[in-house]
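To start, the structure under review is shown below, and the notes come after it.
2 protein chains.
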Amino acid sequence: MKIAILGGTGSIGEGFALRWASKHDILICSREVDKAIKAADEYEGTIKNKGLFCCGITGCSNESGIKDVDVVVLSVPYQGVIPLLKNLRHFFKDQIVISLVVPMKKNKWFEYTPPAQGSAALEIKDVLPKSVKVVSAYHNISAKKLLNLELSLDYDVVVCGDDEDAKRTVMELTKEIKNLHPLDGGGLASSYMIESLTPFLINLALRNGLCDLGVKFV
Amino acid sequence: MKIAILGGTGSIGEGFALRWASKHDILICSREVDKAIKAADEYEGTIKNKGLFCCGITGCSNESGIKDVDVVVLSVPYQGVIPLLKNLRHFFKDQIVISLVVPMKKNKWFEYTPPAQGSAALEIKDVLPKSVKVVSAYHNISAKKLLNLELSLDYDVVVCGDDEDAKRTVMELTKEIKNLHPLDGGGLASSYMIESLTPFLINLALRNGLCDLGVKFV
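Protein sequences appear in the order of chains A and B.
Numbering of the first sequence is given in the working numbering, commencing with residue -7 and proceeding in unit increments.
Numbering of the second sequence is given in the working numbering, commencing with residue -7 and proceeding in unit increments.
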């Protein structure tokens, strides 16, 4: 498959690029094309230095990245994602869009601040063409752990979406990352639950002297 | 300590009685005293048949159970808990009250239906005297697994409460149950998060062919 990662120069985007590049063509997308190309080269270097196979990681603009791919990963902060997608709206057709987006703010602790739609995933669905299949997943995966290719990620990933085929594709992509276990979280309307887990996990870590918490349902 | 379990004749109440009876005096409370006495005798029998030590499990009415204890466990359904506590209000002084209560309804799936206060825990705090210390915990522990004394429960228990001493006491009680790990979840206002995990876990289990799911933060 061809996978475009919006926000691909950030650490969570880099993590997915490194983890999926052995099986898929990865496009690292950024507003700044030079930055995207530089990051893509670095990621390819990282993989090849480990003696691993790499299908190819290419840097490009957001517009050209989105156009011809099967999957678009939204690893961008909530602040800015809606204006960004409104600008890019016309480059979307029927891609699977994976939202990792969590709307939250920090006072003393982190707080989930969903939009009127109930979750970032539903708001994102609202601004994209109806033919796009929005799926939400990976909100609670630590970027630091994802980046460490030696690390087996023994976590559960709850996947929500209204299109069953798209959800299945994302669940399959999840299984390709060593030890991640996908779980069907139901329709996109259930996304608020997995989005709200992120500030909850950060607060839990801060309060209990832990870090990079993920979740397992056992 | 003396621990009164409201709803002590139910399976989750039985589980806590069996797990804590080796260190604490347990009072099984019910509107129907005969039923409470019968259950208490059965639980003591279960423990002694396993050759384990039992401090003593006594059946009694809700009123007499609450009066002189250190901790009151509310293992009753949300429906009915507020009228019940309004009736019992005058028997409370400064006990620690542990709320396991989850307001939820079932349509096709389970849905969290918090009251206006934001969570059952906050609503319960509202109807009890101000001197009572409400702590919320154990919403996501499987009754079936708790009842199986051979089973080591390798789960995290998030504990929320505004009184730090009371919260610490509940965290210590948690550690006394083999392999349960308490985590500080912050003030009582954070209870909505752990309450809402219960319908989420039930739905996740139903959708993925699993059962009796608990949670671990790793």
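No residue lacks a Cβ here, since even glycine has one placed at the ideal position from N, Cα and C.
Problem set entry | chain A contact for Tyr147(B) (CB, 9 Å cutoff) | yes
Problem set entry | Host beta strand (DSSP E) of Glu103(B) (start-end) | 102 to 104
For this session: Report the partner residues of Gly153(B) according to the DSSP bridge assignment.
Result: Val127(B)
Exercise. Is Ile74(A) closer than 9 Å to Lys125(A) when the C-beta atoms are compared?
Worked result: no
For this session: Counting only the same chain and skipping the five closest in sequence on each side, list residues whose C-beta sits under 6 Å from that of Gly57(A).
Result: Ala(-4), Leu19, Cys21
For this session: Provide the residue(s) that pair with Met(-7)(A) in DSSP beta bridges, ordered along the chain.
Result: Among the bridge pairs identified by DSSP, Met(-7)(A) is matched with none.
Exercise. Given a threshold of 16 other Cβ atoms within 10 Å of its Cβ, counted over all protein chains shown, does Asp148(A) qualify as buried or as exposed?
Worked result: Label assigned to Asp148(A): buried.
For this session: Give the single residue among Ala108(A), Leu141(A), Thr190(A) whose Cα lies nearest to the Cα of Ile133(A).
Result: Nearest option by C-alpha distance: Thr190(A).
For this session: Starting from the Cα of Ser111(B), find the closest Cα among Ser183(B), Ala31(B), Thr38(B) and give me that residue.
Result: Ser183(B)
Exercise. So, helix, strand or coil for Lys42(B), using DSSP?
Worked result: coil
For this session: Taking 9 Å as the cut-off, decide whether the C-beta atoms of Leu44(B) and Gly177(A) are in contact.
Result: no
Exercise. Interface residues of chain A around Arg199(B) at Cβ under 7 Å?
Worked result: Asp176, Gly178
Exercise. Just checking, does the region 31 to 51 of chain B make contact with the region 98 to 115 of chain B on the three C-beta pairs under 8 Å criterion?
Worked result: The region 31 to 51 of chain B, when compared against the region 98 to 115 of chain B, does not touch it at the 8 Å Cβ threshold.
Problem set entry | Cβ contact (3+ pairs, closer than 8 Å) linking the region 151 to 158 of chain B and the region 66 to 82 of chain B | no
Exercise. Are the Cβ atoms of Val65(A) and Gly153(A) separated by less than 9 Å?
Worked result: no
Exercise. Relative to the C-alpha of Glu187(B), which residue among Val127(B), Lys30(B), Asp146(B) is closest?
Worked result: The residue from Val127(B), Lys30(B), Asp146(B) with its alpha-carbon nearest to that of Glu187(B) is Val127(B).
Exercise. Cβ atoms of Phe8(B) and Leu138(B): under 9 Å apart, would you say?
Worked result: yes
Exercise. Would you say Ser182(B) faces chain A, with C-beta separation under 9 Å as the test?
Worked result: yes
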